[in-house]
Amino acid sequence: MTPAIRLLEKLKIAHRVVSYDHDPSADGYGSRFPGYGIEAIEMLGLDPDACGKTLLARLDDGSLVVAVVPVSHQLDLKALAKAAGAKKAAMADPADAERSSGYVVGGISPLGQRKRLRTFVDGLLTEHAEVHVSGGRRGLEVALAPDDLVSATSAIVADVRV
442 MTPAIRLLEK LKIAHRVVSY DHDPSADGYG SRFPGYGIEA IEMLGLDPDA
492 CGKTLLARLD DGSLVVAVVP VSHQLDLKAL AKAAGAKKAA MADPADAERS
542 SGYVVGGISP LGQRKRLRTF VDGLLTEHAE VHVSGGRRGL EVALAPDDLV
592 SATSAIVADV RV
């Protein structure tokens, strides 16, 4: 059981855990929806607008923030910086993202991270009855209501996608 799932159980948030056999050679790059999220939507038959990928970014003040955007989109770093009250944002170094979250890239969950960071959930995800996010490892997803995702992460809902 991952920290993400333990958090959902501790908070008594209704969720479903779904898994698939992760292919270590799959990274999704070169596909229409680059990144590890493509594997999840293909293996589980998910709607790419209702499946979130978790990304960490570094603001110009040096702090890290979490952004959850639909797999079907990319993160808009300018929009994220604006939502966070910063001038600039850049993608976090993968090693920093892993160290901060406690998860490996491709399996970073917005839930149960080692360090609680300000989190921004893209508004498109909140338009669905159920969303999927990483359960804390590659090949593991959790399905839950978007409002519960926002609540469990104390997220700000903002349009941070391109």
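When you read off a place in the sequence shown, starting at 1, and then add 441, the result is the number in my numbering.
Cβ atoms here follow ideal geometry from the backbone N, Cα and C, with glycine treated the same way.
Classified as buried, A508 has 16 or more neighbouring CB atoms from the shown chains inside 10 Å of its CB.
In this structure, R457 keeps its C-beta atom at 8 Å or more from the C-beta atom of A536.
Taking all protein chains shown into account, G486 has fewer than 16 neighbouring C-beta atoms within 10 Å of its C-beta and is therefore exposed. When beta bridges are read from the DSSP output, A599 appears opposite D563.
Taking 4 residues as the minimum length, the alpha helix (DSSP H) runs contained wholly in the region 491 to 528 are 518 to 525, in order along the chain.
Around the beta carbon of D534, fewer than 16 other beta carbons lie within 10 angstroms, which makes this residue exposed. Note that the C-beta distance between P489 and L565 is not below 8 Å. Per DSSP, the continuous alpha helix (DSSP H) segment holding R447 begins and ends at P444 to K451.
Under DSSP, L590 forms no beta bridge with any residue.
DSSP places E571 outside both helix and strand once states are collapsed to three, so it counts as coil. Counting only the Cα atoms, G503 lies some 33 Å from I482.
In the displayed model, A533 falls within coil according to three-state DSSP, outside both helix and strand.
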